[in-house]
Amino acid sequence: MRLDKFLADGGFGTRKEVKRLIKSGAAAVNGVTEKDAGRNVSGSDNVTVNGKSAVSREFVYIMMNKPQGYVSATEDKHYPVVTELLDESYKRFAPSPVGRLDIDTEGLLLLTNDGALNHRLTSPSKNVYKTYFAMLDNEAEDKDAETFAGGMEFKDFTAKSARLTICENRREVFIEIAEGKFHQVKRMCARVGKNVEYLKRVAIGPLELDESLLPGEYRELDEKELELLKNC
1 MRLDKFLADG
11 GFGTRKEVKR
21 LIKSGAAAVN
31 GVTEKDAGRN
41 VSGSDNVTVN
51 GKSAVSREFV
61 YIMMNKPQGY
71 VSATEDKHYP
81 VVTELLDESY
91 KRFAPSPVGR
101 LDIDTEGLLL
111 LTNDGALNHR
121 LTSPSKNVYK
131 TYFAMLDNEA
141 EDKDAETFAG
151 GMEFKDFTAK
161 SARLTICENR
171 REVFIEIAEG
181 KFHQVKRMCA
191 RVGKNVEYLK
201 RVAIGPLELD
211 ESLLPGEYRE
221 LDEKELELLK
231 NC
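All residue numbers for the sequence shown refer to full-length UniProt numbering, where the first residue is 1 and numbers rise by one.
If you want it as structure tokens, here you go:
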């Protein structure tokens, strides 16, 4: 692999930025300064930038607090997409959203180029529950929780047993679903006579949204968080 690609994949900047780093003499291969961006390196080489070890990587795993007004996609003809919020240094990995959130829904959205993990987290057969916080136009009733638990038949799909937890303010609820069909939470709430006025995803399986992230902000998952997802 070319040295500039190796460093870009390692998170040291865009290809253009790492070329400048290399030209400045900041990079070294096996202890020797290397100014040739096209130098081929392998995993057995000791590559450093300003003394910091560099490791190339194949996958990225990003947690985003999705804001309203963005589509959970990589491209759209009419609306801005969540990948537009990412720094250029991530875009070369071509990460995709894991599942979808409606354009007016906020909260936890994962983006990755790891197709196997994406499939595992979105496949209904894997029973990875997603947790949403919702504000309703009317107070939830105890019987609503029973209806959610019993599953729901819709024209285009059958919703599995879902969990509805009613807060002290009964217009505020937490909803856990194992699928992620179009408008699913809103449709399930409508089935029990409630309209969703605000919706935010707060967890995917055991992974909870980092509440320090403002809408539109993101960060990479740490090793512990990634392990939780891979084992859920």
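By construction, the Cβ of each residue, glycine as well, lies at the ideal position given by its N, Cα and C atoms.
Which residues in the same chain as Asp142 place their Cβ atom closer than 8 Å to its Cβ, once the five residues preceding and following it in sequence are excluded?
The residues are Ile166.
On the criterion of 16 or more Cβ atoms from any shown chain inside 10 Å, does Gly107 qualify as buried, or is it exposed?
Buried, by the Cβ-count rule.
Ordered along the chain, which non-local residues of its own chain (more than five positions away) have a Cβ less than 7 Å from that of Lys23?
Excluding sequence neighbours, Lys23 sits near Lys35.
Would the beta-carbon of Met64 fall within 8 Å of that of Tyr198?
Going by C-beta atoms, Met64 is not nearer than 8 Å to Tyr198.
For Glu58, verify whether its CB is less than 7 Å away from any heavy atom of the ligand SAH.
The model on display carries no ligand, and the ligand SAH is accordingly not part of it.
Which two residues bound the contiguous alpha helix (DSSP H) that contains Gly115?
Note, Gly115: alpha helix (DSSP H), 115-122.
Tell me whether the beta-carbon of Val41 lies closer than 8 Å to the beta-carbon of Phe6.
Contact flag set, yes.
Are the CB atoms of Lys130 and Arg201 within a distance shorter than 8 Å?
In contact: Arg201 and Lys130 (Cβ atoms closer than 8 Å).
In terms of residue numbering, what span does the beta strand (DSSP E) encompassing Glu84 cover?
No beta strand (DSSP E) contains Glu84, which DSSP labels as neither H nor E.
Should Phe182 be labelled buried (16 or more other beta-carbon atoms within 10 Å of its own) or exposed?
Phe182 should be labelled exposed.
According to DSSP, which residues form a beta bridge with Ala159?
Ala159 is bridged to Met152.
As a quick exercise: from Lys160, Arg171, Ala190, pick the residue whose alpha carbon is nearest that of Ile177.
Minimum Cα distance to Ile177 is reached at Lys160.
Out of curiosity, what's the CA-to-CA distance linking Ala149 and Thr14?
The alpha-carbon atoms of Ala149 and Thr14 are separated by roughly 48 Å.
Measure the C-alpha to C-alpha separation of Asp156 and Pro124 and round it to an integer number of angstroms.
Whole-angstrom Cα-Cα distance: 15 Å.
Run through the segment 160-202 for me and flag every whole alpha helix (DSSP H) of 4 or more residues, listed as ranges in chain order.
Listed in chain order, they are 184-191.
Assuming Asp73 contacts Val81 under a Cβ cut-off of 8 Å, what Cβ separation, rounded to an integer in Å, is found between them?
The amino acid occupying residue 73 in the given sequence is Ala; Asp does not appear at that position. Yes, they are in contact, since the Cβ atoms of Ala73 and Val81 sit about 5 Å apart, within 8 Å.
So, for Ala28: in the same chain, excluding its five sequence neighbours on each side, which residues have a beta-carbon less than 7 Å away from its beta-carbon?
Only Glu34, Thr48 meet the Cβ criterion.
Would DSSP call Leu136 helix, strand or coil?
In the structure shown, Leu136 sits in a strand (DSSP, three-state: E or B).
Classify Asn40 as helix, strand or coil using the three-state DSSP reduction.
The answer is strand: DSSP assigns Asn40 an E or B state.
Which ranges would you report for the beta strand (DSSP E) in the UniProt domain "RNA-binding S4" (1-60) if only whole runs of at least 3 residues count?
Correct list: 27-29, 47-49.
Rounded to the nearest angstrom, what separates Ala190 and Tyr132 at their Cα positions?
Cα-Cα distance, rounded: 15 Å.
DSSP three-state call for Ser89: helix, strand or coil?
Here Ser89 sits in helix by DSSP.
Roughly how many angstroms lie between the CA atoms of Asp210 and Glu223, to the nearest whole one?
Distance between the alpha carbons of Asp210 and Glu223 is about 15 Å.
For Thr105, tell me which candidate among Pro97, Gly69, Tyr79 has the shortest Cα-Cα distance.
Cα-wise, what sits closest to Thr105 is Gly69.
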